Structure formats: structure tokens, C-alpha cells
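> Protein chains in written order, with our numbering: chain A, -17 to 140; chain B, -17 to 140.
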């Protein structure tokens, strides 16, 4: 496909970025993936202003990525914690890809801060690719873009 | 590891987001990955204000993700186009992960706008995981986080 002939707004990456397109949003999701689900814990750990965090959490709930679940500590009023919906869980590869890039290009001289390991065997994991013909490919394999049924061709501009 | 005991700023995803943490930056990279390298082409296709695009391109050059390459159309002054550095090319999995999520959760009723296919065989590709023990895993395999040498434990707070 000739990329400029198509409407980039129809692109799935663009649509995903409507949900995810800022740094705080991804860091909030990182916390929830790591089991940090309560407002004060998230706010303290990532150092985000409370009003910004409120807006980001509300947006993620509105987008169906997080869900609010009530909890009540003894003697306190009911509060809410945030959990990933199935759509939220499906964002894990985005975080894994960001981490892999940071590990490779921005790690401390001391080494990587966190290793992501296979739960069963404890060995580090790396992103790879599978193709529907059954080829198992390295993450940097040669790829092409092909227009799909949802592509929107732009009117020729002159 | 107990996530809240560690400094989240040392996390590689956080460091990657220092470079990538906004929507326009990722869309600019999407254009360059798709061979759209010139200012006017990028600006027109993603519909970003020129001053915003200038800032994003400069930041990506400063971060070593893009490089400026001069070109000259006949009868015109020298201009610059933007190409991915090796570090820039390593961001492809982030875009692939964003696209996969958008395909699954935000696609048109008509279907996906773009398929990413294996260059050799033309079949669609999907993200997967490999572990260093040689296990080939689906992208939603069970994973754990383990503190690495660059982790920074936070002082106990009261």
C-alpha cells in the first residue's frame, strides 16, 4: 500500500493512542499491571499530581481499560481500587515493548532495573513474531503493510 | 519483587516514555516507519500543527531516534528528511503492539485498516514471546517481574 494515499486516522495505532497517548497514562497502567491499584499508592509511586491522576484514571475507566472496584478498610469509608479489564490486560505487549526499548537504549550502567521472566521457568522473555503461515520470526523480521478492509483511501489532493 | 518498594523512575518503560510519551510523537514515528520522511508530508498526513511537529522532530533527533538527512529537489534549496536511526528502528515493536490493540479493540466494523504481514510469505504476523530457556510462548503467557541489577530500592516510608 502507498501509505500517504490512506487516511492515517483509520490506523489502529492512532486509535490506540487516543486512549494511551501520554506518558502518565502508560505509567498508571504500569502500576496497575504491577498490582498497585489504589489512588494514593499510584500517586505516590509515580509522583503524579492528584488532579492529573484523577483525570487519567477516569479516562481509562471511560475507555473500558480499567474498572473501579469498591473496597473498605476497617473504620474507613468505601473507596475504590482500579483493576484491568480484559481490554486493559491486552495492553501488556505495549508495556513490554516499551520496556524492551528502554532496556536496550536507556538502561542504567548498572544493568536493567527489571527482568520480565516466564512464570513457569523463570527465564527472561523477549518479544517475537508468529505469522499465520506458521513461521516463528524474530521481532526484527522483514514485514510489509497491506491495506485491510477498514482502510480509507484519501481523495487525491492536487 | 514488591513493586512499590522500588523506584519506578528506574523502570525502562518510564525511560522509554520520556522519549515517546505523547500521541504526536508516536504518530510521527508511524509515518517515518511507513516511508513518509518529509516535513510537509508528515504534517499533512497526520494533521499536526507545524510548530508542534517541529518540536517533536527536534526532540526525536536529540534523543537519537531520528536523523536529519539533506535532500534537494531541482531548483529548490536544500531541505531535510527524517530517517530512523538503529534506536528508532528498535521502536517498531511498540507500534506493532499499539496496532494490535487498536485492531482488537477499536477497529472499524468494516475490519482492520492495515494488516502487517511477513515480507517473505505475505501472511499476517502477531506478537509472541520467546524465553531464554527456549520456550516459544503466546503473547499472553504468564510472566513475572524480577528485580534486576539496575533496580533502585526505595527507602522505607512510614
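We put the CB at the ideal spot given by N, CA and C, even for glycine. No experiment lies behind these values; they were computed from the predicted model shown.
Using beta carbons (cut-off 8 Å, strictly below), is residue 133/B in contact with chain A?
yes
> Pull up the CB-CB distance for residue 75/A and residue 82/B, whole angstroms please, since I reckon it's below 8 Å.
7 Å
> Between the Cα of residue 104/B and those of 128/A, -11/A, 62/A, spot the shortest distance and give me the residue it belongs to.
128/A
> So, using beta-carbon positions, are residue 135/B and residue -13/B closer together than 8 Å?
yes
> Quick check on the DSSP output: what are the complete alpha helix (DSSP H) runs of length 4 or more inside the region -16 to 57 of chain B, in order along the chain?
-6 to 2, 5 to 15, 21 to 28, 32 to 44
> Please compile the residues from chain A whose C-beta is within a distance smaller than 9 Å of the C-beta of residue 5/B.
-4, -1, 0, 2, 3, 4
> Can you pull the chain A residues whose beta carbon is under 7 Å from the beta carbon of residue 16/B, in chain order?
-15, 127
> Quick one: is residue 70/A buried, meaning 16 or more other Cβ sit within 10 Å of its Cβ, or exposed?
buried
> Can you find the residues in the same chain that come closer than 7 Å, C-beta to C-beta, to residue 78/A, ignoring five residues on each side of it along the sequence?
98, 109
> Let me know the beta strand (DSSP E) ranges lying completely inside the region 55 to 96 of chain A, each 3 residues or longer, listed in chain order.
61 to 66
> Who are the Cβ neighbours of residue 100/A in its own chain at under 7 Å, not counting the five residues just before and after it?
107
> What's the C-alpha gap between residue -5/A and residue 84/B?
6 Å
> Between which two residues does the beta strand (DSSP E) carrying residue 106/A extend?
From DSSP, residue 106/A is part of no beta strand (DSSP E); its letter is neither H nor E.
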